[in-house]
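Below: one structure, written as structure tokens.
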Amino acid sequence: MSLSVSQDEGVIVITITSNPKSKWPILCQILGGPCVSPICLLPKKVNKEMMSIATSLGIVQVIVGILNIVAGILFMNWGINDHIMKWNTPFWLGGVFLISGIMTILESCIASYVVIVLAAILNEAIGLMALIGVSLYSWDLVETRSYSADDYSQALTPEQRMDTESLMDIKNWITMSSRGTLDIVMIVFTILQFCANITFVVKTVRAYVVRDDDPELHKLLPEEITGKQEC
Numbered sequence: 000m001s002l003s004v005s006q007d008e009g010v011i012v013i014t015i016t017s018n019p020k021s022k023w024p025i026l027c028q029i030l031g032g033p034c035v036s037p038i039c040l041l042p043k044k045v046n047k048e049m050m051s052i053a054t055s056l057g058i059v060q061v062i063v064g065i066l067n068i069v070a071g072i073l074f075m076n077w078g079i080n081d082h083i084m085k086w087n088t089p090f091w092l093g094g095v096f097l098i099s100g101i102m103t104i105l106e107s108c109i110a111s112y113v114v115i116v117l118a119a120i121l122n123e124a125i126g127l128m129a130l131i132g133v134s135l136y137s138w139d140l141v142e143t144r145s146y147s148a149d150d151y152s153q154a155l156t157p158e159q160r161m162d163t164e165s166l167m168d169i170k171n172w173i174t175m176s177s178r179g180t181l182d183i184v185m186i187v188f189t190i191l192q193f194c195a196n197i198t199f200v201v202k203t204v205r206a207y208v209v210r211d212d213d214p215e216l217h218k219l220l221p222e223e224i225t226g227k228q229e230c
């Protein structure tokens, strides 16, 4: 299909011609046309910079998402079902971070302002979720308490009870130490996720500023701009 934009005496006319040979519905062609039109494409210099940045930030977000899911699996294997695991926080955090990372990487493959804006909005929303994740991991770190061994030793002799309590104390100490260490690690990586989200949003705003200052764009606007894309 083709997209044409013409301007005359303060009036801008946008004309979209559908492709009769396309297998895509008209709505998909209409939505896809602006994404690949010259007026919506990133300048080459900005596109090259955004591709490298978006790819790097997207990979970081995917890694953080995977680490959150792995942390959730470890919590489950340790039999932890309180605090951080009440709402399966590591799993849904990992899921949204993966979506954000994939969307950011996708933006690096499609040099369009439409896609970059959608990715920026998603990154901004998930940046807020990252702050929530930091708060929840911090809460879990503070509220973590050792499990009591009393229930396991009520029917034992004093000597057996002492040995059992010692073993349970060691087991609890190892579990709680590992849990606290994992909480700290996930706090650091979730902060890294937040920084990646904010960095992408800032770079997107900067790309729009460059777009507004692009002389080629202003030169094309008074004339008819036609972009063709086979769907």
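To convert, note that position 138 of the sequence shown is 137 in numbering that gives the first Met the number 0; the numbers rise steadily by one, no gaps. C-beta: ideal position from N, C-alpha, C; glycine also. In this text the structure is predicted, and so the values were computed from the model without any measurement.
- Exposure of Leu127 is indicated by the presence of fewer than 16 other C-beta atoms within 10 angstroms of its C-beta.
- Per DSSP, reduced to three states, the secondary structure at Ile186 is helical.
- Closest in C-alpha terms to Leu73, from the list Ile62, Val61, Asn87, Gln60, comes Asn87.
- By the 16-neighbour rule on beta-carbons within 10 angstroms, Pro89 is buried.
- Ala124 and Glu106 do not touch by the CB rule: their CB atoms are close to 15 Å apart, not below 8 Å.
- The alpha carbon of Val200 has as its nearest neighbour, out of Ile65, Ile190, Thr174, Val116, the alpha carbon of Val116.
- Cβ contact annotation for Asp139 (same chain, cutoff 6 Å, sequence separation greater than five): His82, Ile83, Asp182, in chain order.
- Of the candidates Met49, Gly57, Ser51, Asn46, Gly57 places its Cα closest to the Cα of Asn196.
- Taking the C-beta atoms as reference points, Val63 is found no nearer than 8 Å to Thr143.
- It is roughly 10 Å from the alpha-carbon of Ile169 to the alpha-carbon of Met175.
- Exposed is the label assigned to Arg205, since fewer than 16 other Cβ atoms lie within 10 Å of its Cβ.
- Cα atoms of Leu97 and Leu130: separation of roughly 16 Å, rounded to the nearest angstrom.
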